[in-house]
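Asks: Residue numbers (our numbering): 454 to 568.
Here it is, the structure in full.
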Amino acid sequence: VQLQASGGGLVQTGGSLRLSCAASGSIFGINAMGWYRQAPGKQRELVAIITSGDITNYADSVKGRFTISRDNAKNTVYLQMNGLKPEDTAVYYCRVVVRSLNAYWGQGTQVTVSS
Numbered sequence: 454v455q456l457q458a459s460g461g462g463l464v465q466t467g468g469s470l471r472l473s474c475a476a477s478g479s480i481f482g483i484n485a486m487g488w489y490r491q492a493p494g495k496q497r498e499l500v501a502i503i504t505s506g507d508i509t510n511y512a513d514s515v516k517g518r519f520t521i522s523r524d525n526a527k528n529t530v531y532l533q534m535n536g537l538k539p540e541d542t543a544v545y546y547c548r549v550v551v552r553s554l555n556a557y558w559g560q561g562t563q564v565t566v567s568s
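The structure is reproduced here in structure tokens:
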């Protein structure tokens with residue numbers, strides 16, 4: 454299973470970005486899909502997750518600003534990020550858990566929010 458993430462970039466405070474992560478390969482069903490981020494000098498943290506039943510969960514720091522969604526036909530997960538803040542600056546990673554419960558990580562995409 455390979456994950457290809459895209460959509461990162463440089464944006465000013467208050468701006469928006471949309472991340473995408475497409476899964477390909479021997480996929481026989483996907484359970485949860487999620488986004489994590491890691492800022493310099495910090496541990497990787499959960500940003501948002503969506504289950505196969507479209508149940509979502511968000512980190513408190515992004516609630517009301519970020520929206521996670523998925524397109525099952527395309528094996529793709531999205532993260533719409535609005536109202537971006539400098540503290541959102543990090544490398545964002547997608548993670549997919551397939552039916553066998555194996556988990557896979559994407560390569561990461563840089564998000565930089567300037568003040």
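For every residue, glycine included, the Cβ atom is placed at its ideal position computed from N, Cα and C.
1) Would residue 543 be called buried (16 or more neighbouring beta carbons within 10 Å of its own) or exposed?
2) Please name the residue in 546, 522, 539 whose C-alpha comes closest to that of residue 556.
3) Where do the ends of the beta strand (DSSP E) carrying residue 498 lie?
4) For a quick check, are the C-beta atoms of residue 567 and residue 491 less than 7 Å apart?
5) Look up residue 555 in the DSSP assignment and say whether it is helix, strand or coil.
6) Can you give the Cα-Cα distance for residue 461 and residue 531, rounded to whole angstroms?
7) Leaving out five residues on either side along the sequence, give the residues of the same chain with a beta carbon under 7 Å from the beta carbon of residue 424.
Replies: Walking through what the data contain:
1) buried
2) 546
3) 498 to 503
4) no
5) coil
6) 12 Å
7) Since the displayed the chain opens at 454 and closes at 568, residue 424 lies outside it and no answer follows.
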